[in-house]
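Novice:
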Ligand code: 5GP
Ligand code: MG
């Protein structure tokens with residue numbers, strides 16, 4: 002099971018539950034399906050979790066969680082696909098075993114999950130969820146070493162993109178996978194500490210950013226302070242490019258790079274690479290707003306908010322059917338007619354996955370009287386599935402996997418379409434050590450459970466080359 006999620010852990014902080022709640026509020030964009038908070042003191046763990054947004058689930062529960070005055074807490078917001086929408090997948094998860102008791106929250110995806118799952122079941126594990134939390138928990142408790150060595154060797158068994166935050170009675174751990182594929186930041190809050198997926202969660206609780214958790218690092222925070230060990234050698238990292246382009250909040254800084262500014266530079270780069278003469282630049286809110294501003298700045302064409310996003314709509318992307326996705330896009334976005342009428346519009350968006358958003362908003366622009374609509378995309382063409390966190394795990398979800406840019410342009414009904422180049426994007430972001438598997442088909446880890454998807458696609462392509470072109474036709 003793969004997903005992006007939001008994590009936050011607090012250690013030795015007054016009103017830990019309340020601050021975790023505020024932190025989760027700032028991380029809401031990373032997961033809107035469910036959320037939860039666990040606190041612990043010397044005696045016991047206590048938690049609340051449910052499906053729903055942070056505010057609706059936790060607002061009334063925080064007071065109760067706060068009642069015992071616990072100074073350590075762990076929070077999570079969940080992004081989960083429809084097929085994994087199980088109560089048992091809600092986090093944090095609380096585990097009690099004769100060797101250890103802890104609450105655990107995670108973000109990411111293990112590519113060898115099936116294999117580990119089978120092995121652990123042979124040894125007596127009974128899984129209740131499809132979450133990568135349970136995998137780590139079972140590895141941990143089946144290991145007879147002390148907690149930290151057991152954790153270290155357990156982590157060495159995992160392949161994929163993952164961050165974990167673990168809360169024990171009087172310890173907090175932060176873990177980031179060996180390639181640092183997902184962000185995780187460390188902050189200071191008075192005498193205490195905070196760990197969060199993005200440092201946009203720090204301001205709201207008055208914490209100071211200290212540094213990013215390093216790839217392959219285990220941070221242990223205890224009454225003795227902070228100590229750092231490694232479970233993997235230092236190597237070239239591979240942060241997910243989509244964190245910068247789409248997932249993260251613009252005010253976050255990931256591995257020293259501000260997200261808004263990286264998007265702005267990507268927009269400038271896009272304009273340099275593929276400017277289309279137009280009268281107005283419009284960003285698809287919210288994720289492409291920074292990018293569209295950069296594009297407009299570079300080409301000197303006015304930027305305006307030609308599209309409005311309904312603040313109360315959720316993510317359209319994870320709706321389960323095409324009809325629902327189409328409907329969700331039109332419920333979410335609408336054009337400001339007088340701005341658009343009679344104009345040549347350049348629309349800037351962060352990505353095209355299925356093409357649903359682009360097709361819908363281009364049609365909207367035309368209905369609102371746009372004379373021309375040019376589509377510019379701040380990520381390269383997505384040609385291959387992501388198994389690490391973005392919810393695009395099969396080829397047939399990706400319009401870019403089988404169609405040329407010209408064909409996609411026709412499918413979405415644009416006058417022209419261009420994607421940013423892979424090199425241009427890296428330069429704009431200012432990082433070379435990235436995961437760009439969805440744009441390049443170069444996966445930074447072994448694929449394990451997912452290798453058959455790649456093999457089947459290769460076979461299909463080979464068949465297509467030998468004449469059966471019909472196979473290439475996929476419906477939008
Ligand atoms: P499409 O509509 O082409 O299937 O998906 C692209 C649109 O979905 C973009 O506007 C993007 O902002 C939005 N989106 C929502 N969730 C995701 C996600 O998990 N990954 C990507 N790449 N885009 C997403
Ligand atoms: Mg979007």
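Residue numbers (this note's numbering): 2 to 477.
Glycine included, C-beta positions come from ideal geometry on N, C-alpha and C.
So, with DSSP's three-state summary, where would you put residue 201?
Specialist: Here the question's residue 201 lines up with position 200 in the chain shown. DSSP places residue 201 in helix when its eight states are reduced to three.
Novice: What does the alpha-carbon distance come out to for the pair residue 472 and residue 458?
Specialist: Residue 472 sits at position 471 when you count from the first residue of the chain shown. Residue 458 sits at position 457 when you count from the first residue of the chain shown. Note on residue 472: pLDDT 46, under 50, position unreliable in the model; no value is reported.
Novice: Does the beta-carbon of residue 313 have 16 or more other beta-carbons within 10 angstroms, so that it is buried, or is it exposed?
Specialist: For the purposes of this step, residue 313 is taken as residue 312 along the chain shown, with counting starting at 1. Result: exposed.
Novice: For the alpha helix (DSSP H) that contains residue 418, what are its first and last residues?
Specialist: Taking the first residue of the chain shown as 1, we reach residue 418 at position 417. Per DSSP, residue 418 belongs to no alpha helix (DSSP H); it is in the beta strand (DSSP E), 417-420.
Novice: Sort 451, 382 and 72 by Cα distance to residue 224 and report the nearest one.
Specialist: Taking the chain shown and counting its residues from 1, one reaches residue 224 at position 223. Per the Cα distances, 72.
Novice: Hey, quick one: how far does the beta strand (DSSP E) through residue 381 stretch, first residue to last?
Specialist: Locating residue 381 in the chain shown gives position 380, counting from the first residue. That residue, residue 381, is in no beta strand (DSSP E); it is neither H nor E in DSSP.
Novice: Over the uninterrupted alpha helix (DSSP H) stretch that includes residue 153, give me the two end residues.
Specialist: Taking the chain shown and counting its residues from 1, the one referred to as residue 153 is at position 152. Segment 148-156, the alpha helix (DSSP H) holding residue 153.
Novice: Residue 129 to residue 147, Cα distance in whole Å?
Specialist: Position 128 of the chain shown holds residue 129. Position 146 of the chain shown holds residue 147. Near 25 Å, if we compare the C-alpha coordinates of residue 147 and residue 129.
Novice: Restricting to runs no shorter than 3 residues, where is the beta strand (DSSP E) found entirely within the segment 204-285?
Specialist: Whole beta strand (DSSP E) segments, 3+ residues: 209-213, 218-223, 226-231 and 281-284.
Novice: Given residue 331, which residues of its chain have a CB within under 8 Å of its CB, disregarding the five upstream and five downstream residues?
Specialist: The sequence position of residue 331 within the chain shown is 330, counting from 1. Excluding sequence neighbours, residue 331 sits near 361 and 365.
Novice: Please name the residue, chosen from 203, 11, 338 and 384, that lies closest to residue 41 on a Cα-to-Cα basis.
Specialist: Indexing the chain shown from 1 puts residue 41 at position 40. Nearest option by C-alpha distance: 11.
Novice: Rounding to the nearest angstrom, what Cα-Cα distance links residue 50 and residue 207 in this structure?
Specialist: For the purposes of this step, residue 50 is taken as the residue at position 49 of the chain shown. For the purposes of this step, residue 207 is taken as the residue at position 206 of the chain shown. Near 25 Å, if we compare the C-alpha coordinates of residue 207 and residue 50.
Novice: Which residues mark the beginning and the end of the alpha helix (DSSP H) in which residue 49 is found?
Specialist: As a working note, residue 49 is residue 48 in the chain shown. Here residue 49 belongs to no alpha helix (DSSP H); instead the beta strand (DSSP E) covers 46-52.
Novice: If you compare alpha carbons, which of 226, 45, 27 and 83 is closest to residue 52?
Specialist: For the purposes of this step, residue 52 is taken as the residue at position 51 of the chain shown. Ranking 226, 45, 27 and 83 by Cα distance to residue 52 puts 83 first.
Novice: Applying the 10 Å Cβ sphere with the 16-neighbour rule, what's the burial state of residue 228?
Specialist: By 1-based counting over the chain shown, the position of residue 228 is 227. Exposed: under 16 other Cβ atoms inside 10 Å.
Novice: Which ranges would you report for the alpha helix (DSSP H) in the segment 321-358 if only whole runs of at least 4 residues count?
Specialist: Segments of the alpha helix (DSSP H) lying fully in the segment 321-358: 323-333 and 338-341.
Novice: Is the closest heavy atom of ligand 1 to the C-beta of residue 352 under 7 Å?
Specialist: Residue 352 sits at position 351 when you count from the first residue of the chain shown. Under cutoff, so the answer is yes.
Novice: Would you call residue 303 buried or exposed, if buried means 16 or more other Cβ atoms sit within 10 Å of its Cβ?
Specialist: Along the chain shown, one-based indexing puts residue 303 at 302. By the neighbour-count rule (16 or more Cβ atoms within 10 Å), residue 303 is not buried but exposed.
Novice: When burial is assigned at 16 or more other CB atoms within 10 Å of the CB, is residue 124 buried or exposed?
Specialist: Stepping through the chain shown from its first residue, residue 124 is reached at position 123. When all chains shown are included, residue 124 counts as exposed.
Novice: Can you determine whether any heavy atom of ligand 2 sits closer than 7 Å to the C-beta of residue 347, and answer yes or no?
Specialist: The count along the chain shown starts at 1 and reaches residue 347 at position 346. No, the beta carbon of residue 347 sits no closer than 7 Å to any heavy atom of ligand 2.
Novice: Thinking residue 214 and residue 187 are a contact (beta carbons under 8 Å), I'd like their distance in whole angstroms, please.
Specialist: Counted from its first residue, the chain shown places residue 214 at position 213. Counted from its first residue, the chain shown places residue 187 at position 186. Yes, residue 214 and residue 187 are in contact; Cβ-Cβ is about 6 Å, under 8 Å.
Novice: Sort 323, 287, 385 and 300 by Cα distance to residue 311 and report the nearest one.
Specialist: On the chain shown, position 310 is the one that residue 311 refers to. Selected option, being the one with the closest Cα: 287.
Novice: If you draw a straight line from the alpha carbon of residue 477 to that of residue 357, how long is it in whole angstroms?
Specialist: Here residue 477 corresponds to residue number 476 of the chain shown, with the count starting at 1. Here residue 357 corresponds to residue number 356 of the chain shown, with the count starting at 1. The pLDDT assigned to residue 477 is 41, lower than 50, so where the model puts this residue is not dependable, and the model offers no usable value.
Novice: Taking the C-alpha atoms as reference points, what is the distance between residue 170 and residue 43?
Specialist: For this step, residue 170 is matched to residue 169 along the chain shown. For this step, residue 43 is matched to residue 42 along the chain shown. Going from the Cα of residue 170 to the Cα of residue 43 covers about 6 Å.
Novice: Look at residue 243 and residue 391 and say whether their C-beta atoms are less than 8 Å apart.
Specialist: If you number the chain shown from 1, residue 243 lands on position 242. If you number the chain shown from 1, residue 391 lands on position 390. Contact flag set, yes.
Novice: So, at 6 Å on beta carbons, what are the nonlocal neighbours of residue 156 in its own chain, with the 5 sequence-adjacent residues on each side left out?
Specialist: Residue mapping note: residue 156 aligns to position 155 of the chain shown, counting from 1. The residues are 232.
Novice: Where does the unbroken alpha helix (DSSP H) through residue 22 begin, and where does it stop?
Specialist: Taking the first residue of the chain shown as 1, we reach residue 22 at position 21. Counting along the chain, the alpha helix (DSSP H) containing residue 22 begins and ends at 17-27.
Novice: Would you tell me roughly how many angstroms separate the C-alpha atoms of residue 345 and residue 278, rounded to the nearest one?
Specialist: Along the chain shown, read from residue 1 onward, the residue named residue 345 stands at position 344. Along the chain shown, read from residue 1 onward, the residue named residue 278 stands at position 277. Looking at the two C-alpha atoms, the distance is approximately 8 Å.
Novice: How would you label residue 411, buried or exposed, when you count the other beta carbons within 10 angstroms and need 16 or more for buried?
Specialist: If you number the chain shown from 1, residue 411 lands on position 410. When all chains shown are included, residue 411 counts as exposed.
Novice: If you follow the alpha helix (DSSP H) that residue 440 is in, where does it begin and where does it stop?
Specialist: In the chain shown, residue 440 corresponds to position 439, counting from 1. Residues 438-441.
Novice: Quick check: what's the CA-CA separation for residue 444 versus residue 438?
Specialist: Here the question's residue 444 lines up with position 443 in the chain shown. Here the question's residue 438 lines up with position 437 in the chain shown. So the alpha carbons of these two residues sit roughly 5 Å apart.
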